[in-house]
Amino acid sequence: MLTRAIKNAADQTPEKVAFKCEDNSLTFEELARRTEQLASVLIEQGVKQGDRVGVFLPPSIETAIAIYGIMTAGAAYVPLDANSPPARIAFLLRHCEIKHLISEPNQREKIAEIQNEETDLQHIIGINNDSAAETISWKEVARSQTRELSLGVREDDLAYVIYTSGTTGVPKGIMHTHRSGFSYARLSKELYGVGHRDVFGNHSPLHFDISTFGYFTMPLAKGTTIIIPEAYKRFPASLSQLIEKESLTIWYSVPLALTQMLESGILEKRNLDSLRWILFGGEPFPIAHLRSLLKLMPGARFSNVYGPAEVNQCTFYNFRELPPGETSVPLGKAWDETEIIIVDEYDREVETGKIGECLVQTSTMMKGYIGQPELTKMSLYITEDENSLTRTFYRTGDLVRQNERGELIFVGRRDRQIKIRGYRIELDEIESVLSSHTNVSEAAAYTFRNGDNETSIVAEVVVLKGGDLTEEMLHKHYRKYLPGYIKLDKIRFSRRIPRTAAGKVDHNKLKNEADGKFL
C-alpha cells in the first residue's frame, strides 16, 4: 500500500524531514500522526472505503497530509485545480460523486462560487465559516484524537483519480490503484537510485501526474520533498534560488520550467552542483536549450521521461550528452515490468523503423476512466499471447518508431496527423525538426484554412536570445530532414508561444487565432 511508506519511514527515521514548504516542515513521525488524525476525522464524517475525496489546496504541507489522510481512511484523493472555473470544478465533484472536500481558508470565496453550482458536497475540511456544507478547520483536525484503523485496504483499491481533458469535451477521470501507484514509486526509486539523502523539488501541481514522484517515490525512499509554492514558479530568479538554497539533488518538471530559468540568465549565477538528476517530460525539450543546460550542469544526468497519465511512466532515456543523428531526444526503452508494441491502424505490429501507435502494458497502468466504461474499453487493446494468456495494452495515441539502437523515437500524436495532397504529415515531427536548429528557442506547427479552403501549414518560431535567423534559413534547415512533400506555407517569428496550464504548447489557441488571418 502507498500509505505503508509513511508508516515505515516514521518507524525507522522518525525525525527525518518528509516534506517542507517555505518555513513549514513535517518529519515522517509528524506526518504519520497528522495523517491518522485526518483519517479519523474523515471516517467520523462518514467517509467509507472506496469513496472519493476532493483536494482543493495550493502547494503546501497540508497537501501531503490530505493525500495520505484520505488514503489512510480507505478513500481515494481527487486533486482539483484552483485555477479552473467554478462550473468545471462543480462538474468534477458531481462526476466523481465527491461529498467531502479538503481545502484552506484562502479558497473560501472560490468554494462559495462552486457551491452556487449544483454539487453534493456535505463536508469541507480546512475552513470554518457559514456554508451549505459542514466545515471543520485544520486546527480542529490537529486537536483530534486518532483511532485504531484496520480498514484492510487492498492493492487493487482506488488510491487517486487525476482528471485530464477529453477529446469529446468531457474530462476523463483516470483511476489509479494502490498497486499502480506503488509500482511507479518502486520502479522510479530503483531506476534513479533515490535514497534517504535525496532532496526533491516538487514543481508540479497535484493535478499533474508528475507530482507522484514527490508524494510517492520520495517517501518510499525516505527522502525529503520540497513543495514549491506557486509564487516561486512565476519568477525564475526565486525558483533557481530555491534550488541552490535547498541543495536539491533531483528535479522533475515539464521543459518549460527549465527553459524559463535558462532564458532569464539566472542559472549561470547559481551553484547547481547538488543536482544529480534532471528529469523532464510532458513534451519534447527544445534542443538548443538542452545543449545549454548540459553545459551548465556537467555533473548532472538527464532523463527524458515518457508516459501518459494513464500509465504514469513507461520509458526512459538517460544521458549526459545529446545522442548523435537525432533531431530530438529519444523516448528511450521500456522500464521494468513493461512491454511496448508498435502497431499500425489495423493493430498489426510494424517492422523496426516503421511508424506506428505506441501500445503499453505495465504494472503502473490505470484501472480505467471513472464513470466512462465505453471510453475505457476504447482505450485498451486486449490480445492473447502464445500461451493463451490475456494481455491488456493501453493505446497511447502517440506515434513512434524504433531506431537502430532499439530506442523509441516520438513522431507525433495520432490526432496531430494530417493529410495534404494524399500525404500523411506529422505536425509534431515538423516541430521537432524546427526546434533542433541551433538558433531556435521553441517552435510550434499547426494548420489553417486558406482562401481556397485548403489546408496549409504554418510554423510559429521563437528565436533564441542573441540568435540570427531568417525564413530562408529555416526553410533550408527543415528540408535537410523532412520529406520533400512537406512544405511550410507560412513561418511566423513570435516573442512567445502560448501555453496551456500544463506548460504545453497551446495548439488550439494558435489554430483559432490563425484561421482566417492568412486569407
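Residue numbers (the working numbering): 979 to 1497. Each residue gets a CB set at the ideal place from its N, CA and C atoms; glycine is no exception. Computed from a prediction, not measured in an experiment: that's the story for all the values here.
Quiz prompt | Where Q1085 falls, given that 16 or more other Cβ within 10 Å makes a residue buried | solution = Residue mapping note: residue 1085 aligns to position 107 of the sequence shown, counting from 1. Sixteen is the threshold: when 16 or more other Cβ atoms of the shown chains lie within 10 Å of the Cβ of Q1085, as they do, the residue is buried.
Quiz item: Would K1223 pass as a contact of L1217 if the rule is Cβ separation under 8 Å?
Solution: Indexing the sequence shown from 1 puts residue 1223 at position 245. Indexing the sequence shown from 1 puts residue 1217 at position 239. Contact flag unset, no.
Quiz item: By Cβ distance below 6 Å, which residues in the same chain neighbour T1433 in space, the five residues on each side in sequence not counted?
Solution: Sequence index remark: in the sequence shown, residue 1433 carries index 455 (1-based). Excluding positions up to five away in sequence, the list reads I1398, T1425.
Quiz item: Where does L1497 fall in DSSP's three states?
Solution: Position 519 of the sequence shown holds residue 1497. Interpretation of L1497 is limited by its pLDDT of 43, a score under 50 that renders its predicted location unreliable; no figure is taken from the coordinates.
Quiz item: How would you call M1451, buried or exposed, if buried means at least 16 neighbouring beta carbons within 10 angstroms?
Solution: On the sequence shown, position 473 is the one that residue 1451 refers to. Exposed, because fewer than 16 other Cβ atoms sit within 10 Å of the Cβ of M1451.
Exercise. Examine the Cβ distances between the segment 1272-1285 and the segment 1236-1254 and report whether three or more of them are shorter than 8 Å.
Key: Yes: the two stretches touch, three or more of their Cβ pairs being nearer than 8 Å.
Quiz item: What number of angstroms, rounded off, separates the C-alpha of L1497 from the C-alpha of R1427?
Solution: For the purposes of this step, residue 1497 is taken as residue 519 along the sequence shown, with counting starting at 1. For the purposes of this step, residue 1427 is taken as residue 449 along the sequence shown, with counting starting at 1. Note on L1497: pLDDT 43, under 50, position unreliable in the model; no value is reported.
Self-check item: Residue nearest to T1142 in terms of C-alpha spacing, selected from Y1170, V1056, E1014, K1026
Solution: Residue mapping note: residue 1142 aligns to position 164 of the sequence shown, counting from 1. When only C-alpha atoms are compared, the closest one is V1056.
Quiz item: In terms of alpha-carbon separation, which member of E1082, P1083, L1058 lies closest to L1071?
Solution: Locating residue 1071 in the sequence shown gives position 93, where the first residue counts as 1. Closest in C-alpha terms to L1071, from the list E1082, P1083, L1058, comes L1058.
Practice problem: Following the continuous beta strand (DSSP E) through L1020, name the residue where it begins and the one where it ends. | Solution: As a position in the sequence shown, residue 1020 is number 42, starting the count at 1. The continuous stretches of beta strand (DSSP E) do not include L1020, which lies in the alpha helix (DSSP H) extending over residues 1006-1022.
Quiz prompt | Range of the contiguous alpha helix (DSSP H) that encloses Q1238 | solution = Counted from its first residue, the sequence shown places residue 1238 at position 260. Taken as a continuous stretch (DSSP letters only), the alpha helix (DSSP H) holding Q1238 covers 1233-1242.
Quiz item: For D1393, which of helix, strand or coil comes out of DSSP?
Solution: As a first step, residue 1393 must be located in the sequence shown, where it is residue number 415. The answer is helix: DSSP assigns D1393 an H, G or I state.
Exercise. Spell out the partners DSSP gives F997 in its beta bridges.
Key: The residue labelled residue 997 in the question sits at position 19 within the sequence shown. In DSSP, F997 forms a bridge with L1004, T1203.
Quiz item: What number of angstroms, rounded off, separates the C-alpha of K1311 from the C-alpha of E1385?
Solution: Numbered from 1 along the sequence shown, position 333 holds the residue referred to as residue 1311. Numbered from 1 along the sequence shown, position 407 holds the residue referred to as residue 1385. Cα to Cα, the separation comes out at about 5 Å.
Self-check item: Of the listed residues G1201, H1156, D1098, F1388, nearest to R1175 (C-alpha basis)
Solution: As a position in the sequence shown, residue 1175 is number 197, starting the count at 1. For the residues G1201, H1156, D1098, F1388, the minimum Cα distance to R1175 belongs to G1201.
Quiz prompt | Other residues of its chain near I1152: CB distance less than 6 Å, five sequence neighbours each side excluded | solution = Looking up residue 1152 in the sequence shown gives position 174. These residues qualify, in order along the chain: I1140, A1287, E1288, M1344.
Quiz prompt | Reduced DSSP secondary structure (H/G/I, E/B, other) of D1484 | solution = Residue mapping note: residue 1484 aligns to position 506 of the sequence shown, counting from 1. Coil at D1484, not helix or strand.
Quiz item: Mapping DSSP to helix, strand and coil, what is P1262?
Solution: Position 284 of the sequence shown holds residue 1262. In the three-state reduction of the DSSP assignment, P1262 falls in the coil class, being assigned neither a helical nor a strand state.
Quiz prompt | Cβ contact check for the segment 994-1011 and the segment 1032-1048: 3 or more pairs under 8 Å | solution = By the Cβ criterion, the segment 994-1011 is in contact with the segment 1032-1048, since at least three pairs of Cβ atoms, one from each stretch, lie closer than 8 Å.
Practice problem: Would you tell me roughly how many angstroms separate the C-alpha atoms of K1117 and Q990, rounded to the nearest one? | Solution: Along the sequence shown, one-based indexing puts residue 1117 at 139. Along the sequence shown, one-based indexing puts residue 990 at 12. Each residue's Cα considered, the two are about 28 Å apart.
Self-check item: Inter-residue spacing [alpha-carbon to alpha-carbon] between E1327 and E1304
Solution: Taking the first residue of the sequence shown as position 1, residue 1327 is located at position 349. Taking the first residue of the sequence shown as position 1, residue 1304 is located at position 326. Note on geometry: alpha-carbon atoms of E1327 and E1304 lie some 24 Å from one another.
Practice problem: With DSSP collapsed to three states, give me the class of R1326. | Solution: Position 348 of the sequence shown, counted from the start, is the residue given in the question as residue 1326. Coil.
Self-check item: Secondary structure of S1472, DSSP reduced to three states
Solution: Position 494 of the sequence shown, counting from 1, holds the residue named residue 1472. For S1472, the three-state secondary structure derived from DSSP is coil.
Quiz item: So, using beta-carbon positions, are V1031 and L1020 closer together than 8 Å?
Solution: As a working mapping, residue 1031 is identified with position 53 in the sequence shown. As a working mapping, residue 1020 is identified with position 42 in the sequence shown. The answer is yes: Cβ separation under 8 Å.
Self-check item: Span separating the alpha-carbon of N1282 from that of I1387
Solution: Numbered from 1 along the sequence shown, position 304 holds the residue referred to as residue 1282. Numbered from 1 along the sequence shown, position 409 holds the residue referred to as residue 1387. Cα to Cα, N1282 sits roughly 11 Å from I1387.
Self-check item: I1268 burial status per 10 Å Cβ neighbour count (16 or more: buried)
Solution: In the sequence shown, residue 1268 corresponds to position 290, counting from 1. Looking at the sequence itself, residue 1268 is Leu, so the reference to Ile does not match. So L1268 ends up on the buried side.
Self-check item: Three-way DSSP call (helix, strand, coil) for S1158 in this model
Solution: As a first step, residue 1158 is located in the sequence shown; it is residue number 180 there, counting from the start. For S1158, the three-state secondary structure derived from DSSP is helix.
Exercise. Measure the C-alpha to C-alpha separation of A1422 and I1475 and round it to an integer number of angstroms.
Key: In the sequence shown, the residue the question calls residue 1422 occupies position 444. In the sequence shown, the residue the question calls residue 1475 occupies position 497. A1422 and I1475 have their alpha carbons spaced roughly 8 Å apart.
Quiz item: What is the DSSP secondary structure of P1197, reduced to helix, strand or coil?
Solution: As a first step, residue 1197 must be located in the sequence shown, where it is residue number 219. In the three-state scheme derived from DSSP, where H, G and I count as helix and E and B as strand, P1197 is classed as helix.
Self-check item: Of the residues D1393, T1316, I1348, the one placed nearest E1335, counting alpha carbons only
Solution: For the purposes of this step, residue 1335 is identified with residue 357 of the sequence shown, where counting begins at 1. Closest option to E1335, Cα to Cα, is D1393.
Practice problem: Mind reading off the beta-carbon distance from V947 to S1419? Whole number of angstroms is fine, and I expect it under 8 Å. | Solution: Residue 947 is absent from the model: the chain starts at 979 and stops at 1497.
Exercise. Measure the C-alpha to C-alpha separation of D1406 and S1413 and round it to an integer number of angstroms.
Key: As a working mapping, residue 1406 is identified with position 428 in the sequence shown. As a working mapping, residue 1413 is identified with position 435 in the sequence shown. Distance between the alpha carbons of D1406 and S1413 is about 10 Å.
Quiz item: Does the separation of the CB atoms of F1191 and S1225 fall below 8 Å?
Solution: The residue given as residue 1191 occupies position 213 in the sequence shown. The residue given as residue 1225 occupies position 247 in the sequence shown. Against a cut-off of 8 Å, the Cβ pair of S1225 and F1191 comes out as no contact.
Practice problem: Report the rounded CA-to-CA distance for A1444 versus I1396, giving the unit in angstroms. | Solution: By one-based count along the sequence shown, residue 1444 stands at place 466. By one-based count along the sequence shown, residue 1396 stands at place 418. Going by the sequence as given, residue 1444 is Gly instead of Ala. Their Cα atoms are separated by approximately 34 Å.
Quiz item: What residues in its chain sit with their C-beta under 6 Å from that of S1182, if we drop five residues either side in the sequence?
Solution: Sequence index remark: in the sequence shown, residue 1182 carries index 204 (1-based). So the qualifying residues of the chain are I1188, S1189.
Quiz prompt | Residues bridged to E1095 [DSSP beta-bridge criterion] | solution = Counted from its first residue, the sequence shown places residue 1095 at position 117. None, per the DSSP bridge assignment.
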